[in-house]
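Numbering (this note's numbering), first residue to last: 51 to 126. Glycine is no exception: its CB is placed at the ideal position from the N, C-alpha and C atoms.
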């Protein structure tokens, strides 16, 4: 959180304590899960020779990427 605030991506709320009678959970829509099952993730590490881990929220903060490395920046 400190990093996001230092980068200017968020600011502290002045008065977050106002009540409207509904919680955030009451207004959210129910949908399918977005995470893969942990068993599938672990099997992926066992079945393949390579594993990649990235920080997707910071991938677009780079301004200029060397042409040799642009193919690694694709997000599927």
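For residue 80 and residue 74, the gap between their C-alpha atoms comes out near 12 Å. For residue 94, the uninterrupted alpha helix (DSSP H) segment begins and ends at 88 to 97.
Rounded to the nearest angstrom, the gap between the Cα atoms of residue 62 and residue 120 is 36 Å.
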